[in-house]
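Residue numbers are given in our numbering: position 364 of the sequence shown equals residue 1717, and the series is strictly consecutive. No residue lacks a Cβ here, since even glycine has one placed at the ideal position from N, Cα and C. Nothing here was measured: the structure is a model prediction, and the numbers come from that model. What follows is one structure encoded as structure tokens, with my remarks underneath.
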Amino acid sequence: MQTHESLIEDSQKHLWLPFTQMKDYDENPLIIERGEGVKVIDTEGHTYYDAFSSVWLNVHGHRNERLNKAIHEQLDQIAHSTLLGMSNVPATQLAKKLVEITPAGLDRVFYSDSGATAVEIALKMAFQYWKNIGVSGKERFITMRNGYHGDTVGAISVGAVDLFHKMYGPLMFDSLKVPYPYVYRHESGETEACMADCLHQLKTTLENHHQEVAALIVEPLVQGAGGMITMPDGFLKQVRELCKAYDVLVIFDEVATGFGKTGEMFASMHEDTVPDIMTSGKGLTGGYLPVAITMTSEQIYEAFYDDYSEMKTFFHGHSYTGNQLGCAVALENLAMFEEMDVVGQVAKKSSYVQKELQRLEHLTHVGEVRQRGFMVGIELVQDKGTREAFSSDERMGYEVTLEMRRRGLLSRPMGDVLVFMPPLCSTETELKDMIQIMEAAIHHTTEAKQFAIHQR
1354 MQTHESLIED
1364 SQKHLWLPFT
1374 QMKDYDENPL
1384 IIERGEGVKV
1394 IDTEGHTYYD
1404 AFSSVWLNVH
1414 GHRNERLNKA
1424 IHEQLDQIAH
1434 STLLGMSNVP
1444 ATQLAKKLVE
1454 ITPAGLDRVF
1464 YSDSGATAVE
1474 IALKMAFQYW
1484 KNIGVSGKER
1494 FITMRNGYHG
1504 DTVGAISVGA
1514 VDLFHKMYGP
1524 LMFDSLKVPY
1534 PYVYRHESGE
1544 TEACMADCLH
1554 QLKTTLENHH
1564 QEVAALIVEP
1574 LVQGAGGMIT
1584 MPDGFLKQVR
1594 ELCKAYDVLV
1604 IFDEVATGFG
1614 KTGEMFASMH
1624 EDTVPDIMTS
1634 GKGLTGGYLP
1644 VAITMTSEQI
1654 YEAFYDDYSE
1664 MKTFFHGHSY
1674 TGNQLGCAVA
1684 LENLAMFEEM
1694 DVVGQVAKKS
1704 SYVQKELQRL
1714 EHLTHVGEVR
1724 QRGFMVGIEL
1734 VQDKGTREAF
1744 SSDERMGYEV
1754 TLEMRRRGLL
1764 SRPMGDVLVF
1774 MPPLCSTETE
1784 LKDMIQIMEA
1794 AIHHTTEAKQ
1804 FAIHQR
């Protein structure tokens, strides 16, 4: 059996990790060997809470017996066959189930294998839809500042997080950008004023550009990678109504928010709002295998349905699209959602999480705690009164997560916004324990850093 030391050496010599400065990894290496429930264990035997659900996707915990069994049973049938020109049993069954549980009016399912590819599909569908129905000129997209929709070229072109996207500017197509209602950082600091300002800017953009815009893409209720920014109630519905008035399609990117994390199966259900196209993934398979979806209305689907000679076919697909193992475990995951009332339990436990998070609000350098269900962002600031941010050179968010790791909890920050998104199966005792670790790590790191600065 390979030793911990040799595994570390091999990982540092051969691996290139995603969204990771490898110099950081070389200084603080970590290799996970196994998991149990809401915890993971590294190659030295250290145990950690998986407080960000292995990047926002674990639902029922690691090594869940039912999900394991679903994969084993499917292996006895077949592991994979193509979805190009034919279907398979679990992909067909899952598509039917997805239509039943998603917002009414989303009647067609297109499979892929990641959130970014689901977004690429949505963009291409929206673009081609107008061409197929004979409308010319609608070739651009509206996106929201600070939005993140994946890391492929199309997805970054409708992204607006400078940290992730600025480097690739020459590769990207131009999109129109409007503000997301980031109340904490709005000049007014007030919800109503922030909403009114953002909606006004969206309306102005639609008035000036609707004839050239194919679709608007938005993360409903919570911007994930942009900083866990929560959308005020009612904003999403007004965005939908404005786009409808100006004949612009709407894409809801529910890759981060879908499958129960906000206290509804999909975030848009909080406002009873249905998009033209919706993307999702992550929690679809319970955190086991890479399956993502792009769902759309029958109206959009019909714009692609014609004789082949009309060249309206949607030319897109991936080798593992509709993979049987992934679809089989997704079906079992959704069965567990129903039987265990996972969404209802998240809604209930969210109130407990909200109460426990209050222990963070007294900390000197916690500016705001934002929450929608199990999606939580804790924004760290230099000065609570003025909302002055820490210098980016201090990497406060990163330093706090290292201290969390030392105390037995794993997460990844978004700049100086700490992410707390635990597995949906987490008990109140586990949730309390995780939040207490976060509190201690924030206090220890921020106060120690400030002490060091004052000593200079």
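Cβ-based neighbour list, residue i, same chain, cut-off 6 Å, excluding 5 preceding and 5 following
| i | result |
| --- | --- |
| residue 1479 | 1567, 1568, 1602 |
| residue 1447 | 1680, 1683, 1684 |
| residue 1754 | 1764, 1766 |
| residue 1644 | 1637, 1638, 1679, 1683 |
| residue 1687 | 1450 |
CA-to-CA distance, residue j to residue i, given in whole angstroms
| i | j | result |
| --- | --- | --- |
| residue 1630 | residue 1768 | 30 Å |
| residue 1710 | residue 1764 | 16 Å |
| residue 1460 | residue 1793 | 47 Å |
| residue 1698 | residue 1484 | 44 Å |
| residue 1514 | residue 1525 | 13 Å |
| residue 1633 | residue 1578 | 15 Å |
| residue 1493 | residue 1452 | 28 Å |
| residue 1656 | residue 1580 | 37 Å |
| residue 1596 | residue 1559 | 8 Å |
| residue 1542 | residue 1534 | 10 Å |
| residue 1438 | residue 1668 | 12 Å |
| residue 1364 | residue 1388 | 19 Å |
| residue 1449 | residue 1367 | 42 Å |
| residue 1385 | residue 1599 | 50 Å |
| residue 1621 | residue 1530 | 21 Å |
| residue 1506 | residue 1607 | 19 Å |
| residue 1735 | residue 1752 | 14 Å |
| residue 1726 | residue 1582 | 13 Å |
| residue 1694 | residue 1413 | 12 Å |
| residue 1652 | residue 1422 | 38 Å |
Start-to-end residues for the alpha helix (DSSP H) that takes in residue i
| i | result |
| --- | --- |
| residue 1448 | 1442-1454 |
| residue 1753 | 1749-1759 |
| residue 1510 | 1506-1510 |
| residue 1424 | 1418-1428 |
| residue 1689 | 1677-1692 |
| residue 1549 | 1544-1562 |
| residue 1713 | 1695-1714 |
| residue 1515 | 1515-1518 |
| residue 1598 | 1588-1598 |
Bounding residues of the beta strand (DSSP E) (the contiguous stretch that carries residue i)
| i | result |
| --- | --- |
| residue 1386 | 1385-1389 |
| residue 1463 | 1461-1465 |
| residue 1379 | It is not in any beta strand (DSSP E) - residue 1379 instead sits in the alpha helix (DSSP H) that spans 1375-1380. |
| residue 1361 | Residue 1361 -> not in any beta strand (DSSP E); alpha helix (DSSP H) instead, spanning 1357-1367. |
| residue 1312 | One cannot answer for residue 1312 here, as it falls past the ends of the chain, which runs 1354 to 1809. |
| residue 1773 | 1770-1773 |
| residue 1431 | Segment: none, residue 1431 is in no beta strand (DSSP E) and carries neither H nor E. |
| residue 1645 | 1645-1649 |
Expected contact under 8 Å - CB spacing of residue i and residue j to nearest Å
| i | j | result |
| --- | --- | --- |
| residue 1728 | residue 1774 | 6 Å |
| residue 1737 | residue 1720 | 6 Å |
| residue 1411 | residue 1640 | 3 Å |
| residue 1496 | residue 1619 | Between residue 1619 and residue 1496 the Cβ distance is about 20 Å, and since that is not below 8 Å, they are no contact. |
| residue 1545 | residue 1589 | The Cβ separation is near 16 Å, so there is no contact. |
| residue 1585 | residue 1554 | Actually they do not touch by this definition, with Cβ atoms about 15 Å apart. |
| residue 1647 | residue 1463 | 5 Å |
| residue 1476 | residue 1674 | That belief does not hold up - the Cβ atoms of residue 1476 and residue 1674 are roughly 17 Å apart, past 8 Å. |
| residue 1650 | residue 1487 | That belief does not hold up - the Cβ atoms of residue 1650 and residue 1487 are roughly 18 Å apart, past 8 Å. |
| residue 1397 | residue 1357 | 5 Å |
Beta-bridge pairing of residue i - partner residues as DSSP gives them
| i | result |
| --- | --- |
| residue 1724 | 1729 |
| residue 1604 | 1570, 1630 |
| residue 1403 | 1763 |
| residue 1495 | 1529, 1569 |
| residue 1486 | Looking at the DSSP assignment, residue 1486 forms no beta bridge with any residue, so it has no partner. |
| residue 1719 | 1733 |
| residue 1340 | Within the shown structure, residues of the chain are numbered from 1354 to 1809, placing residue 1340 beyond reach of any answer. |
| residue 1582 | 1576 |
| residue 1415 | 1390 |
Cutoff 7 Å; reference residue i; Cβ partners in own chain excluding five residues on either side
| i | result |
| --- | --- |
| residue 1796 | 1716 |
| residue 1490 | 1564, 1565 |
| residue 1510 | 1525, 1526, 1528 |
| residue 1671 | 1465, 1466, 1470 |
| residue 1370 | 1378 |
Cut-off 8 Å between Cβ atoms - residues of its own chain near residue i, not counting five sequence neighbours on either side
| i | result |
| --- | --- |
| residue 1516 | 1768 |
| residue 1749 | 1718, 1733, 1743, 1769, 1798, 1799, 1802 |
| residue 1401 | 1392, 1393, 1394, 1395, 1758, 1761, 1762, 1763 |
| residue 1787 | 1402, 1404, 1762, 1773, 1775, 1779 |
| residue 1609 | 1409, 1468, 1572, 1575, 1577, 1578, 1635, 1728 |
| residue 1677 | 1427, 1430, 1431, 1432, 1433, 1434, 1441, 1442, 1443, 1444 |
| residue 1714 | 1722 |
| residue 1547 | 1534, 1535, 1536, 1539, 1541, 1585 |
| residue 1552 | 1588, 1591, 1592, 1595 |
Contact with chain B by residue i, beta-carbon distance below 7 Å
| i | result |
| --- | --- |
| residue 1619 | Among the chains in the structure shown there is no chain B, since it carries only a single protein chain. |
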